[in-house]
Every structure is written in C-alpha cells, then in structure tokens.
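First to last, the protein sequences are chains A and B.
Mind the numbering: the first sequence is residues 10 to 302 in this note's numbering, read in order.
Mind the numbering: the second sequence is residues 18 to 302 in this note's numbering, read in order.
Reviewing the structure listed below.
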Amino acid sequence: MLYKKKWPLIVFLIPGLIMMGVFLYYPFISNIGNSFYNMSSVVRMPGVELNFIGLENYKNLFKDPYIKIALKNSFLMMILTVIFQVGLALVFAILVNSIRRGQQLFRTLYFFPVVISASALGLLFKLFYDYNGGMLNQILEKMGKEPVMWLSESLAFTMISIPVLWSYVGFYFVIILTGICDIPDDVYEAAAIDGCSGFKSVFYITVPLLRGVLCTCITLAVTGALKVFDLPWMLAEKGAPNGTTHFLGTYMYHTAFSNNNFDYGSTIALFIVVVGVIVSKAVDFIVKPDKNL
Amino acid sequence: MAAEVKKNKKPIKISTIIIYIVLILWAVTTVFPFIWVFMNSFKESQDVISNSFAWPKAFELMNYEKAFRRVNIGMAYRSSLIISGSVMVGVMILSSMMAFAMTRYQFKGKKVVDALIKGSLMFPVFATIIPVMAMMVKVGFINSGNLLAAILPQIAGNLSFAAIVMMGFLRGLPLEMEEAAYMEGAGVAKVFTRIIIPLSKPSLATVAIFCFLWSYNDLFTQSCLVRKKALLPICALLKQISSIYGTDYGLMAAAVTLIVVPVMIVYILLQKNIVKGLTAGAVKG
Chain A
10 MLYKKKWPLI
20 VFLIPGLIMM
30 GVFLYYPFIS
40 NIGNSFYNMS
50 SVVRMPGVEL
60 NFIGLENYKN
70 LFKDPYIKIA
80 LKNSFLMMIL
90 TVIFQVGLAL
100 VFAILVNSIR
110 RGQQLFRTLY
120 FFPVVISASA
130 LGLLFKLFYD
140 YNGGMLNQIL
150 EKMGKEPVMW
160 LSESLAFTMI
170 SIPVLWSYVG
180 FYFVIILTGI
190 CDIPDDVYEA
200 AAIDGCSGFK
210 SVFYITVPLL
220 RGVLCTCITL
230 AVTGALKVFD
240 LPWMLAEKGA
250 PNGTTHFLGT
260 YMYHTAFSNN
270 NFDYGSTIAL
280 FIVVVGVIVS
290 KAVDFIVKPD
300 KNL
Chain B
18 MAAEVKKNKK
28 PIKISTIIIY
38 IVLILWAVTT
48 VFPFIWVFMN
58 SFKESQDVIS
68 NSFAWPKAFE
78 LMNYEKAFRR
88 VNIGMAYRSS
98 LIISGSVMVG
108 VMILSSMMAF
118 AMTRYQFKGK
128 KVVDALIKGS
138 LMFPVFATII
148 PVMAMMVKVG
158 FINSGNLLAA
168 ILPQIAGNLS
178 FAAIVMMGFL
188 RGLPLEMEEA
198 AYMEGAGVAK
208 VFTRIIIPLS
218 KPSLATVAIF
228 CFLWSYNDLF
238 TQSCLVRKKA
248 LLPICALLKQ
258 ISSIYGTDYG
268 LMAAAVTLIV
278 VPVMIVYILL
288 QKNIVKGLTA
298 GAVKG
C-alpha cells in the first residue's frame, strides 16, 4: 500500500476501537456475566456480595408469563412490519415510480415521520387516542357515536402498532424506490415489445429484480421490530393495561429499571440478542438473497 | 417509447388519477398529524377537547409560555444540543480516522477488526445498557450529572454505522491526489486533514446528520444515563411532561411542536442528503 510507516495506523485505529471495546464489547460480555448473579442495584454496593445464582434467571425466563406476552407481541410486530411497512412501501414505490410529476415531493413527505423522534410521535398519538376529547373520540362524537377506550386491553396492541408501522413506511419506501430506479429501462422496453407492460411488468420484472432490496428491507424491518421501545413506552407505560402491551424491549426496561431486577433484565437483554440472531438467520434462509448482493 | 409518451399526454388516464389519489391520501396521513398538533398548540385545553379541528382563534403563545415556565425547556434544548452535537463531532472524527486506516493500510488482523466493526451493529442497546450504566455510576458521571455519561456510549453506538459508510466512500475515492501529496513530502496527518477530509464531505455530511438525529431522538439511552432532572434532554423531558401534565392538552401539543420543530428545520434544509444518505447506509449496513 501507499503509506510505508505503520505507526500512524495505530493512531488512526485505536481510539475508535477503544470506544467500541469499552462501550459495546465489554458491556455486552459483562451483561452475560450479570445474568448469572443476583443484582438489586446497577453497581455493587460496598459490603454487599453478589450472589451467584447460576441458571436461575434462565429458568425464570421459561416460566415468566409476561415474557411470553412480550415475545408474542414482538413476533406479531415483526409480521406486521413485513406486511405493512415493507408491503405498503413496495406498493407506494411502484406507484410513485409510475407517475411523472411530484416524485420528489412524495419522497419528502413520506420520509418525514422517519426523522421525528418516536417520543414526539408517542405524545402525538396519545392526544389522538385520549378518551376524554382525544381526536378519534371527537370524530366519533361528531358522527353521533359513543366514545371508545382506544387503549383498552382488546384494542391497545392494534392502536400501538398503528403509529409504529405508519412512521417507518417512508424509510422502506425510499430504499425500494431507489432500487426501482436502478432497474435499467431497456429491460422494460424489451418486455414491452414482447407484450408485457403495465401490471404484468410489475409482477414479472419489478418485483423479481427487487429481490435483493426487498430482502434487505425485510431483515431491517424484522430486526427493527425487536428494538421497538419508545412508542409503546410513551403510549402505554409498563405494558399497560395489565402488561398486555409489553414488547421485549419495554419489558426489559421495566424489569431492570422499574423493578430494579438488573440480573433478570440482563437475561432478557441477552434473550433479545439471541432472538435477533435467530430471526435474521431465518429471514436469510427464507428469502435467500442472491449470493452476489 | 416516443409513441407511448404521446398517448399518455392527451387524455389523462383514470388509472393515473387513482394513483395520485392513493399517493396523496398517504401523504395526508404523514403531514396532517403535525399540522393538527401545531394548530392545537395555540389553543386552550378546553378548545382542544371540544373542537380540535377548528382553526385557532388567535395565535396565542400561552402554552409555550407555560412550557418554558413550568419545565425548563431552554435547558433541555441546551442538553440535547450538547449531547447530540458532541456525539456528531466525535463520531465524524473517529469514524473517518478508522475508515482511513481500514482502507489505506494492510495489516495483520485486518479481517478481525473488520468483523468487530460490523459485528457491533448487532448489539441492541438493551444488551449493553446495564453495564454501561454501572460504569458511569462508578466514574461518578451519573451522580454529578456529567453529560459525558450519555455522550460516550452514543458515540460508540453510532460509530460502527458511520465507519461502514465512510469505508464505503473512501474505497471509491481515487488514490492519485493522496499519492501526489505523499510523494511531495506531506505527512500522513497532513494527507488526512488536507485531502481526505475535504474530499469526503458528502459522506461526512450523511454521518453527521444521522448521528445528530439518532442521538436527539434516542429516548432510551437518554433516560437511562441522564438522571439529573435539571439536565434532561428534550425527549426525556417531554416524557416527564406527559406523565405529569398529561391532561393539559394544549401544553402537550406545544411540547410536541417544540420537539418536532428543530428536526423539521434540519429536515427541510437537508432533506436530499438525509433521504439519500440513510438509504445508502442502511443497504450497506
């Protein structure tokens, strides 16, 4: 390579690696260790010995009814993100690609919720869902109907999913639209000569050629669904009502920081990582992107 | 093709109209909530409850006054700016340095380092937060309200994404300029600061925008690592407002507006960079 002296390499590389080591790799490993001890505070208090409890937390993991709810909700969220985020994004991208005017405008508008923090969106939807004079109940009232408890046990999950799904459609929309723009025009032209155009060309050309992009989107959507935290936490703190709206992330936070059960929180955190790895491998296996992508 | 273009131009197809209607409807869903909340931030809570769709009678600022009086929004902006600004600068410096080393040098263990950088993308923040918190308590940052407690972990968290974006960019950069400068006797430091950094402005901009936005919007890390009430950054403060004054709808609407407006300004000014940059990073990552 160009530069003969090797020592600058160290100066350039080490600070970043130290940051990653100290704040990502060390905590990750230390987190695994924590899951085997009994911890009631973040740091060890002087004079308090940490009790080694072995696999106790992992046994709890299988017995805990809330983790089942959280896991179920998180899995449901993954399926919904693939269908609604990636699905709607694909439809909108194909539609926007087919029009001539306003492509840039739609890009800008659709992407906008992505940059807004989930906590602001959470507050916003709280105002929509409120029982006493929230926006949705005002609409119902005008139509002469009874107000609805939007965050009641039967509706809460749906109502929380709506903003989660809605806010990120624009993200996948832009990725897919970029992918569509990369498909060379002559493919369509050749197909049109052979009598394949309009709807047919969408199914036989656009979607198959987008396979790699769609696979990326699905992987991102599914792992993103595992990291959902801010919106549910703003809309229904502590899994309200009755822990029915817990996701893995919110349940981990709740266990560790509301209940001060840091060792079990660490266990859940590790569980999230394991689920994440398994799910993304599964997505790879099912959707199988082309090797060269 | 030419024939087809002509055909489309004269009678507007019904299908085109339907497509526009569908697209506009979705655009309404992404814009209307923010207009609604903006409108209501100028109303008394009573008016928000009774008729949230009406245009405000007058653009009165009482909710904003209340927000600034009851909770220290000014301080929250300051905290957010310090945290997100430092995260942005830190990540820009460290990631460009790492990317330079990774693309311009051959060394033993390069593959391992590469794997370490990419691997750290896999860690969700949940899996590192408790030990990081313990660390920050031990060095006393959390109790003394030192904002470094939130800054350092966020730098590390955004570093791998940024390094991957920068590595992709530097790999595509032609070597001639560097070679020429190096042969003329410029040291590595000079090559880096005078040639590499100016040339990689576009991707540095992407990195900067995203680190800033992600850090500004990151409720989880902030609420874990900033525990002093007076120093809470904007997202964490709003969470508190919503649990204390949750029934004051006018105030809530003003709070949402206050959190959205800075981001909206950044977005409108830089939207092309943002939209392009994020997708590039996401697909590569």
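Cβ atoms here follow ideal geometry from the backbone N, Cα and C, with glycine treated the same way.
Treat the numbers as computed from the prediction; the structure is a model and nothing was measured.
- Under the Cβ distance rule, Trp-159 (chain A) does not count among the residues neighbouring chain B, no pair being separated by less than 8 Å.
- With a threshold of 8 Å between beta carbons, Arg-121 (chain B) makes contact with chain A.
- Under the 8 Å criterion on CB atoms, Met-184 (chain B) is classed as non-interfacial with respect to chain A.
- The secondary-structure analysis by DSSP pairs Tyr-81 (chain B) with nothing; it has no beta-bridge partner.
- Taking the beta carbon of Lys-236 (chain A) as reference, the chain B residues within 7 Å of it are Pro-141, listed in sequence order.
- Ile-31 (chain B) is outside the set of residues whose beta carbon lies under 8 Å from a beta carbon in chain A.
- Residue contact with chain B for Val-292 (chain A): absent (no Cβ-Cβ distance below 8 Å to any residue of chain B).
- Excluding sequence positions up to five before and after Ile-41 (chain A), its CB lies within less than 8 Å of the CB of Ser-275, Leu-279, all in the same chain and listed in chain order.
- When CB distances to chain A are screened at a threshold of 7 Å, the residues of the region 257 to 289 of chain B falling below it are Ser-259, Tyr-266, Met-269, Ala-270, Ala-272, Val-273, Ile-276, Val-277, Val-280, Tyr-284, Gln-288, in chain order.
- Cβ contact annotation for Phe-271 (chain A) (same chain, cutoff 8 Å, sequence separation greater than five): Asn-43, Met-48, Ser-49, Ser-50, Val-51, Ala-265, in chain order.
- For Met-114 (chain B), the nearest beta carbon of chain A is closer than 8 Å to its own beta carbon.
- Beyond the five residues adjoining it in sequence on each side, Ala-166 (chain B) comes within less than 8 Å, by CB distance, of Met-153, Phe-158, Ile-159, Leu-242, Val-243 in the same chain, given in chain order.
- Take the alpha-carbon of Leu-223 (chain A) and the one of Ser-232 (chain B): they are about 27 Å apart.
- Sequence-ordered contacts of the region 23 to 44 of chain A with chain B read Pro-24, Gly-25, Leu-26, Met-28, Met-29, Val-31, Phe-32, Leu-33, Tyr-34, Tyr-35, Pro-36, Phe-37, Ser-39, Asn-40, Asn-43 [C-beta pairs closer than 8 Å].
- Taking 8 Å as the CB threshold, Pro-241 (chain A) stays off the interface with chain B.
- With contacts defined as CB atoms closer than 8 Å, Gly-162 (chain B) and Leu-254 (chain B) fail to qualify as a contacting pair.
- When the five nearest sequence neighbours on each side are left out, the beta carbons in the same chain lying within less than 8 Å of the beta carbon of Val-288 (chain A) are those of Met-87, Val-231, Thr-232, Leu-235, in order along the chain.
- By the neighbour-count criterion, in which 16 or more other beta carbons inside 10 Å mark a residue as buried, Met-200 (chain B) falls on the exposed side.
- For Pro-215 (chain B), not one C-beta of chain A is nearer than 8 Å to its own C-beta.
- In this structure, the straight-line span from the alpha carbon of Tyr-122 (chain B) to that of Ile-103 (chain A) is close to 43 Å.
- Runs of the alpha helix (DSSP H) lying entirely within the region 58 to 134 of chain B, each at least 4 residues long, are 62 to 67, 79 to 87, 90 to 121 in chain order.
- For the 8 Å CB-CB criterion, Val-108 (chain B) and Asn-175 (chain B) form a contact.
- Secondary structure of Phe-238 (chain A) (DSSP, three-state): coil.
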